[in-house]
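S.K.: Sharing a structure below in structure tokens format, with a few things to ask.
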Amino acid sequence: MVLEIRQADRSDRDAVARLLDEAFCEDPVSCWVFPDPGHRATVHGKFLGVFVDVALADGRIDYATDGSAAALWLRIPAGEPEGEDEVPARMRAVADPDNERCELVGRLTGEVHPTSEEHEYLLMIAVAPDRQGEGLGTELMRPVLERCDREGLPAYLEASSERSKGLYERLGWEFTGTAVRLPEGPLMWPMWRKPRG
């Protein structure tokens, strides 16, 4: 399979946010952040739209030309970040101001994010629900992972389900050994991928 990929721009913002919303609406972490399905349906897209805005501003979005898949990437420099990360608070303010879980998930993942090496951070990857299981996610990631291997650059992500963790392991990511435990909720698995020679 050859997946045609282009870089998304501002004109794709809402379409990518809709794709994330559809792909993650039943994800364990999304269900923990927004336990009520009706409420989740109204605010989940706004919540994930913040990720799209961050990637458009500070990274890039690799987007299947047919709209079936998107990967949000950020290049993270080595060293401790300067100042406090404002994204978790923005996620809460934009999506659901009275829901502290909107902010907490970002704070907890931020606490374990590696800082010792520059790396590519796969912020999110989404495949349309009716296209999942076709290998689109793997094809979408392949160019970035190949570039990481050429440049000797590691990559990082947080898997939000056992299923996705298994996929990432097949592509060379390894669980860092310390899971993010959402209070009274699911685990998230931070994963690191060393460049392959």
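Counting along the sequence shown from 1, when you hit position 110 you're at 94 in my numbering, and nothing is skipped either side. Ideal Cβ positions, reconstructed from N, Cα and C, are used throughout, including at glycine. Since we're looking at a predicted model, the values are computed, not measured.
1. Leaving aside the five residues before and after Glu(-12) along the sequence, list all residues of the same chain whose C-beta is less than 8 Å from its C-beta, in chain order.
2. Alpha carbons only, please: which of Glu168, Leu166, Asp11, Arg(-6) is nearest the one belonging to Asp42?
3. On the criterion of 16 or more Cβ atoms from any shown chain inside 10 Å, does Glu66 qualify as buried, or is it exposed?
4. Using CA atoms only, rank isn't needed, just tell me which of Leu137, Glu87, Glu118 is closest to Glu102.
5. Count the other C-beta atoms from every protein chain shown that fall within 10 angstroms of the C-beta of Val111, then say buried if there are 16 or more, exposed otherwise.
6. For His103, report the span of its beta strand (DSSP E) as first-last.
7. For Val89, which of helix, strand or coil comes out of DSSP?
8. Taking contact to mean 3 or more Cβ pairs, one atom from each stretch, closer than 8 Å, check whether the region 122 to 133 and the region 19 to 26 are in contact.
9. Across which residues does DSSP place Asp114 in a beta bridge pair?
10. Could you check which residue in Ile109, Cys86, Cys9, Leu56 has the C-alpha nearest to that of Ser148?
11. Roughly how many angstroms lie between the CA atoms of Pro72 and Phe159, to the nearest whole one?
M.R.: Put simply:
1. If the five residues before and after Glu(-12) are omitted, its C-beta is found closer than 8 Å to the C-beta atoms of Ala48, Thr49, Asp50, all from its own chain and listed in chain order.
2. Nearest option by C-alpha distance: Arg(-6).
3. Exposed is the call here.
4. Looking at the Cα atoms, Leu137 is the closest of the given residues.
5. Under a 10 Å Cβ-count criterion, Val111 is classified as buried, with 16 or more other Cβ atoms of the shown protein chains found around its own Cβ.
6. Residues 103 to 111.
7. In the three-state reduction of the DSSP assignment, Val89 falls in the helix class.
8. Cβ pair count under 8 Å is below three, so no.
9. Answer is none; Asp114 lacks a bridge partner.
10. Scanning Ile109, Cys86, Cys9, Leu56 for the CA closest to the CA of Ser148 turns up Ile109.
11. When the Cα atoms are used, Pro72 and Phe159 turn out to be separated by approximately 23 Å.
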